[in-house]
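Numbering of the sequence shown is given in the working numbering, commencing with residue 225 and proceeding in unit increments.
The beta carbon of each residue, even a glycine, is placed where N, CA and C say it ideally should be.
Report on the following structure.
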Amino acid sequence: MEKIPVATERINLSESATDTLQQMSDIYRILVETTTDSIYVVDRQCRYLYINPKHCSRIGLVPEEIVGHNYSEFHRPEETQTFAANVAEVFATGSSFQRQYCSRRDGSEFLRTFSPVQPPGSGGTISAVAVISKNITQWKLAEELYATLAEKSPIGIFVVQDRRFQWANRRFLDNTGYGPDEILGSDSLFMVHPDDREHVAHSARAMLQGQAEFPYEYRVVTKQKDVRWYVGTVASIEYKYRRATLGCQMDISLQKRAEEALRQSEERSQTIINSITDAYYEVDRKGRLLLFNDALLKLFGYRREEIAGIPYERYVDQKNALLAVRVFSEVFKTGIPVHKMEWEVFHKSGERRVVELSVNLVRDANGAPAGFRGIISDITERRQAEESIRRQAFHDSLTNLANRILFNDRLIMALKRSKRTRQKTAVMMLDLDNFKDVNDRWGHATGDLLLKNVAHRLALQVRDTDTVARQGGDEFSIVLSSLNSTEDALMIAEKIVASFNRPFSLDGIDVSVTASVGIALAPDHGDTCEDLLKKADQAMYEAKNRGRHRACLYRPPSLPEQGPEVKNSGDAAVR
């Protein structure tokens, strides 16, 4: 076979690296725009030069209303003073640092990372300051993500402290051929080619001091005595509560120059990925997973080999699968990304999780649609908290019945519906007879258990469209909608009164208790909540005065004293 010219080999490598670099640039841009962290850039006077969507949503303005304006226009004087001092420190020292910050806007705690912006070709001149503001309530999750990503990283990563190796990931060990016992505690330059040690020391020192930002190249002599080229970077970190150096290396032996640009792009992307706790995904046009991070594995509960290449239908139900088809199809047709699509997915255990995901169209080198990528945020706990708050606001905490607020709302809707259909609505007030005796004899715990059982029994006596509520203490209320006649209300009241003929079994104790019920009808006795509740309450007290364990229909004062009632007679209720 004819030998391929060297020049042709280099061109192919360069084209491949350019395509990959473009893909990585797209990923970097998407991550910045969809991350849950606030990212913005300011100049020396603290004027905004760039602001990402997350920070826009936090301030509550669009980019056009923020960019070009000073930080002080959106924050209090004391916050502005602190921020300006931090920005000035970056310009003065050229170093990156972190500061904890408590927002006066809502009291949230953030960790802000201030970093100098030094454009290529500027000779190290700082033109601006980039700020990443992270909510540190998620700090532990982020730390776990950092460790996992570092261990799974395709590049060699190591930590040096006091000029000796303290930690190295699996890729670093594989690259050099040494085992952990042979590296940890050893001099940080022992495997660097002798001719490159001074260059490595100088380059690392310059990068740590902010005088250089681009990776430096050097040679490593592996345990097998192979000489390989690497490109590396270092950064100052805190390791085990002391200052240390974090180093990264990548083998560029075969494609040294082409992979240099790719390496820089990968590091920028890796930095963003390390700073978020959300899942990242890429799928082909059929929805099969091609690329994802460990956060996605944690979200779905699968191992990497179990989820790679599978279609999204595997972890959603039919309803959510159809939703995905509609949304992804729209993005495919228009090319317009979706930033917040709420979705329900299944964990491997069967647990449902509520997520928000962004959907962005991926194009191949020719510009043709090739798939989708985006970020998935788990919002299950947030939704559960919202539902819990909503339920607490409208339900009785002991019986789980509707409370007064929800009862009044249901009654108002029932009255409006009855007015349209020209039917009746009944309101019942129910009070347990001699409930105090239960508390006095068996204690409040038994009394609470009785109230729960009463609530359950009442719910069985009415229709699904009716509402049973606890007004407080041992008093309950019921709204019956869409009744055709007064007799319908009396018939249900008869069932309710009769249901108390059976004792309640409470943890081995049989407790007998009766109930007095008052009934008011709309429109016969009124057409407002206040009127009906008041008159039903009057009818309930009339039932108590007549001997209890019965129901009485409201009797206007102008009518004879003996009005309609439902009372208990053995096992049957009679009117």
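Identity of the residues DSSP links to residue i by a beta bridge
i, result
"Ile733", "Leu730"
"Pro593", "Arg587"
"Asp508", "Gly595"
"Arg323", "Arg336"
"Asp475", "Tyr454"
"Ile702", "Met652, Val692"
"Thr469", "Val384, Ser460"
"Gly742", "Met653, Cys776"
"Ser601", "Glu580"
"Arg443", "Trp453"
Alpha-carbon to alpha-carbon, residue j and residue i
i, j, result
"Tyr295", "Cys270", "6 Å"
"Phe724", "Thr604", "42 Å"
"Leu237", "Pro344", "With a pLDDT of 40 at Leu237, under the threshold of 50, the predicted position of this residue should be treated as unreliable, though the coordinate-derived value follows. Those two C-alpha atoms are separated by around 24 Å."
"Ala626", "Ile531", "44 Å"
"Glu437", "Asp398", "26 Å"
"Arg597", "Tyr463", "34 Å"
"Leu547", "Glu566", "10 Å"
"Tyr504", "Trp666", "58 Å"
"Ile310", "Gly347", "A quick correction: the sequence has Asn, not Ile, at residue 310. Straight-line Cα distance between these residues: approximately 23 Å."
"Tyr778", "Arg681", "24 Å"
"Ser621", "Asp698", "14 Å"
"Asp450", "Val314", "42 Å"
"Val383", "Asp250", "30 Å"
"Val555", "Gln324", "39 Å"
"His749", "Ile716", "18 Å"
"Val416", "Ala392", "15 Å"
"Arg607", "Val578", "8 Å"
"Gly380", "Val444", "12 Å"
"His423", "Gln385", "19 Å"
"Ile356", "Phe338", "7 Å"
"Arg774", "Pro747", "23 Å"
"Pro277", "Ser582", "13 Å"
"Lys676", "Thr623", "5 Å"
Classification of residue i by the beta-carbon crowding that lies within 10 angstroms, buried from 16 upward
i, result
"Cys326", "exposed"
"Pro780", "exposed"
"Ser553", "exposed"
"Glu766", "buried"
"Pro404", "exposed"
"Phe414", "exposed"
"Gln473", "buried"
"Ile461", "exposed"
"Asn517", "buried"
"Phe321", "exposed"
"Val741", "buried"
"Ile720", "buried"
"Arg466", "exposed"
"Ser412", "buried"
"Ser729", "exposed"
"Lys543", "exposed"
"Gly559", "exposed"
"Ile636", "exposed"
"Pro727", "exposed"
"Gly794", "With a pLDDT of only 38 at Gly794, under 50, the local geometry of the prediction cannot be trusted, and the value read off the model is given with reservation. Looking at its Cβ environment, which holds fewer than 16 other Cβ atoms inside 10 Å, Gly794 is exposed."
Residue i CB to nearest heavy atom of the ligand SAH below 7 Å
i, result
"Cys472", "Summarising the ligand content, the structure contains no ligands, and the ligand SAH is consequently not present."
Residue from the options whose Cα sits closest to the Cα of residue i
i, options, result
"Thr691", "Lys449, Ala713, Leu630", "Leu630"
"Ile275", "Pro287, Arg268, Arg282", "Pro287"
"Ser377", "His749, Arg395, Ala589", "Arg395"
"Gly318", "Ser351, Phe334, Val291", "Ser351"
"Ser262", "Ala592, Tyr272, His279", "His279"
"Thr501", "Leu656, Gln305, Thr372", "Thr372"
"Gly292", "Ala548, Asp267, Ile702, Gly671", "Asp267"
"His571", "Asp411, Phe524, Asp672, Glu406", "Phe524"
"Phe700", "Gln479, Pro439, Asp655, Val424", "Asp655"
"Ala763", "Met637, Val651, Ala592", "Val651"
"Gly533", "Thr306, Leu704, Arg509, Asp541", "Arg509"
"Asp475", "Tyr454, Leu756, Ile599, Pro593", "Tyr454"
"Met653", "Leu675, Val562, Lys643, Val703", "Val703"
"Ser573", "Asn590, Lys564, Val540", "Val540"
"Glu491", "Ala374, Thr752, Gly511", "Ala374"
Beta carbon proximity, residue i to chain B, threshold 8 Å
i, result
"Phe700", "Checking the listed chains, one finds no chain B in this structure; it contains a single protein chain."
Task: Residue ranges of each beta strand (DSSP E) within the region 330–361, 3 or longer - done: 333–341, 352–359
Open item on the list: Just to confirm the assignment: which complete beta strand (DSSP E) runs, minimum length 3, are found wholly within the region 616–676?
Closed with: 648–656
- [ ] Kindly provide the ranges of any alpha helix (DSSP H) runs that are 4 or more residues long and lie completely inside the region 369–436, ordered along the chain.
- [x] 394–400, 404–407, 421–432
TODO: Quick one: which unbroken alpha helix (DSSP H) runs of 4-plus residues sit fully inside the region 520–588? Chain order, please.
DONE: 528–531, 542–558
Open item on the list: Which complete beta strand (DSSP E) runs does the region 254–331 hold, if anything under 3 residues is left out?
Closed with: 262–266, 272–275, 321–326
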